[in-house]
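Residue numbering for the sequence shown follows the numbering used here, beginning at 25 and increasing consecutively.
Here's the structure we're looking at; comments come further down.
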Amino acid sequence: MPLRGWRWTALGLLGKHGGNAARRRLAELERSQWLDPGAMEEYCRTQVARQLSFAARLVPFYQRRYGETESLSDYRPLTRLDLQSGFQELQSPLAQQRGAWKLSSSGSSGQVVTVLRDRQTQAWATACTWRGDCWGAPILPESRQLSLLSNVGNIVGSRRALSPLGTWLHNRYVLDAMRLTPQRVKELLERIAELRPQVLSGYPSVLLPVARIASSHGMLAPVLQKVIPTAESCSPEEAAELEQFFRVPVRQRYGSHEFSAMAHQCEAGRWHWHSEVIWPEVVRQDGSIGQSGRGSLLCTSLVNQSMPLIRYEIGDVVDLDSAACSCGRGLGSFSSIEGRTQEHVYCPDGSWISSHAFLAPLRSLPLLQFQLVQEMPDELLLRVVAQGPLEPRQAEWIQETYRQIHGGAFRLRIEQTDELERSPSGKLLRCINRLKRPELPSSSNSTT
Numbered sequence: 025m026p027l028r029g030w031r032w033t034a035l036g037l038l039g040k041h042g043g044n045a046a047r048r049r050l051a052e053l054e055r056s057q058w059l060d061p062g063a064m065e066e067y068c069r070t071q072v073a074r075q076l077s078f079a080a081r082l083v084p085f086y087q088r089r090y091g092e093t094e095s096l097s098d099y100r101p102l103t104r105l106d107l108q109s110g111f112q113e114l115q116s117p118l119a120q121q122r123g124a125w126k127l128s129s130s131g132s133s134g135q136v137v138t139v140l141r142d143r144q145t146q147a148w149a150t151a152c153t154w155r156g157d158c159w160g161a162p163i164l165p166e167s168r169q170l171s172l173l174s175n176v177g178n179i180v181g182s183r184r185a186l187s188p189l190g191t192w193l194h195n196r197y198v199l200d201a202m203r204l205t206p207q208r209v210k211e212l213l214e215r216i217a218e219l220r221p222q223v224l225s226g227y228p229s230v231l232l233p234v235a236r237i238a239s240s241h242g243m244l245a246p247v248l249q250k251v252i253p254t255a256e257s258c259s260p261e262e263a264a265e266l267e268q269f270f271r272v273p274v275r276q277r278y279g280s281h282e283f284s285a286m287a288h289q290c291e292a293g294r295w296h297w298h299s300e301v302i303w304p305e306v307v308r309q310d311g312s313i314g315q316s317g318r319g320s321l322l323c324t325s326l327v328n329q330s331m332p333l334i335r336y337e338i339g340d341v342v343d344l345d346s347a348a349c350s351c352g353r354g355l356g357s358f359s360s361i362e363g364r365t366q367e368h369v370y371c372p373d374g375s376w377i378s379s380h381a382f383l384a385p386l387r388s389l390p391l392l393q394f395q396l397v398q399e400m401p402d403e404l405l406l407r408v409v410a411q412g413p414l415e416p417r418q419a420e421w422i423q424e425t426y427r428q429i430h431g432g433a434f435r436l437r438i439e440q441t442d443e444l445e446r447s448p449s450g451k452l453l454r455c456i457n458r459l460k461r462p463e464l465p466s467s468s469n470s471t472t
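In structure tokens form, the structure reads like this:
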């Protein structure tokens, strides 16, 4: 997948964004992804051992806690609180030597965290994004992308970063998709058609209302080659809805502030880790840690040596699956993302119910957006955004459907509104739980 033209010659000079190093990493990733699963796992285990050896010798945080051990099973999960309180100790001497810079999150997880990234790490992150974004559609890294944004800070920041020169170099545009109305959606679709991007990206909570409003008003989708929902979870049903309107493949990317691009969906629709840069594990329901099954995701960076994160607790619930994929790639995979561990309803009897159980049925109704809120142990609030008034029969159907899910444990209030609560980064918070989060099971050191 060659990077061609004057744009990429100029981009190669911008070292902080990956530059020529990212181009070299991309060439490596394009080759390594076709390794057979056994060879890929052997390569990754070698990289894990290398990173653990580095941490044991040069990173004070791990030296103080684990001494000279280089066994991953001895490391307990690294939390956001650890990252906040141990920020200085988690840095290696290479951070200063490589001119590493700070990246702070928006706090959408409930905690603001800061990590270090250097040019080498950024080159890998950029290359992973380029590689994964090209899966599932006949596009190249230099293909024009357009992002629909829903947050003032993101819009201002992106436009500042994407100056006229930056826009040309990255071939990426951003549009303000806040406060969607039929007229605004019409204007957005016309502007997209004028700019002629090959790829359209955005939060599902932005793309879905655009598609729903446009469909209900007889508007036509712009000509594209791929749609990429980002940052928020997008169910298979929602992806199918986007495909029906835009008439192109819809493939998602998965990432985090701490690790950047972590996984993409391939042509077959299966999720693949960027295994060359990340080692995933899960804390299972019984507290054991392993590379298969469902649980809270832990990730170890294989390339960031300025601030190595080992068994870092991302906070998302995933289902790791080692089944081979028809696309032929030897990269690790997983079958589903359930969202963050706090995106659950806490029942009075101490049990948890995933918010997806409550939100999935709502997709059969003509709603633009919806949000579940729990502020009391025995009451739920459902906020909905619709193009017209919610009909009584629809409200009754929701009440009955929810009773079947929670077994009468909660009262349900339904509130129709024009705006839903979002994180500082503009992500739609589909489930807001203001109760104290129950503790996860304590993890053991099993790595089976």
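Using N, Cα and C, we set each Cβ at its ideal position, and we do this for glycine too.
Nothing here was measured: the structure is a model prediction, and the numbers come from that model.
Measure the C-alpha to C-alpha separation of residue i and residue j and round it to an integer number of angstroms.
i, j, result
"T103", "R88", "16 Å"
"S129", "T138", "6 Å"
"R48", "R69", "22 Å"
"E54", "P390", "42 Å"
"Q440", "F394", "9 Å"
"L114", "L383", "39 Å"
"I456", "N44", "42 Å"
"S357", "P413", "42 Å"
"V274", "R353", "19 Å"
"Q146", "A46", "8 Å"
"G319", "L59", "27 Å"
"G242", "L118", "57 Å"
"Y336", "K210", "43 Å"
"H281", "L127", "8 Å"
"T324", "V342", "15 Å"
"L406", "V369", "12 Å"
"Q411", "S259", "22 Å"
"A238", "D442", "18 Å"
"I361", "F78", "31 Å"
"A80", "S330", "14 Å"
"L248", "F270", "8 Å"
"E415", "C290", "40 Å"
"E66", "E300", "11 Å"
"A245", "G226", "15 Å"
"E305", "V83", "22 Å"
"G314", "D157", "28 Å"
"E420", "Y426", "10 Å"
"Q169", "G432", "47 Å"
"R215", "L444", "26 Å"
"L204", "P233", "8 Å"
"A51", "Q144", "15 Å"
"A56", "K460", "Per the sequence shown, the amino acid found at residue 56 is Ser instead of Ala. Their backbone Cα atoms lie some 44 Å apart in a straight line."
For a quick check, are the C-beta atoms of residue i and residue j less than 7 Å apart?
i, j, result
"E261", "R387", "yes"
"W297", "L333", "no"
"L436", "Q423", "yes"
"E218", "N195", "no"
"S359", "D345", "yes"
"S229", "E265", "no"
"C349", "A263", "no"
"L199", "L224", "no"
Which partner residues of residue i appear in the DSSP bridge assignment?
i, result
"F283", "BP columns for F283 are empty, so no partner."
"V251", "L224 and V274"
"V342", "G319 and I361"
"W295", "Q289 and F358"
"Q169", "R196 and V223"
"K126", "L140"
"Y336", "L102 and C323"
"F394", "V408"
If you run the structure through DSSP and keep just helix, strand and coil, what is residue i?
i, result
"K210", "helix"
"L266", "helix"
"I361", "strand"
"R155", "helix"
"E65", "helix"
"I422", "helix"
"L326", "coil"
"L204", "coil"
"W303", "strand"
"V137", "coil"
"Q108", "helix"
"N44", "helix"
"S312", "coil"
"F78", "helix"
"A238", "helix"
"G181", "Low confidence applies here, because G181 scores a pLDDT of 49, under 50, leaving its location unreliable and the question unanswered by this model."
"Q440", "strand"
"I216", "helix"
"R14", "Only positions 25 to 472 of the chain appear in the structure, and residue 14 is not among them; the question remains open."
Would you check whether the ligand NAP has a heavy atom nearer than 6 Å to the C-beta of residue i?
i, result
"R155", "This structure does not include the ligand NAP; it has no bound ligands of any sort."
Can a CB atom of chain D be found closer than 7 Å to the CB of residue i?
i, result
"E399", "Going by chain labels, chain D is absent from the structure shown, which holds only one protein chain."
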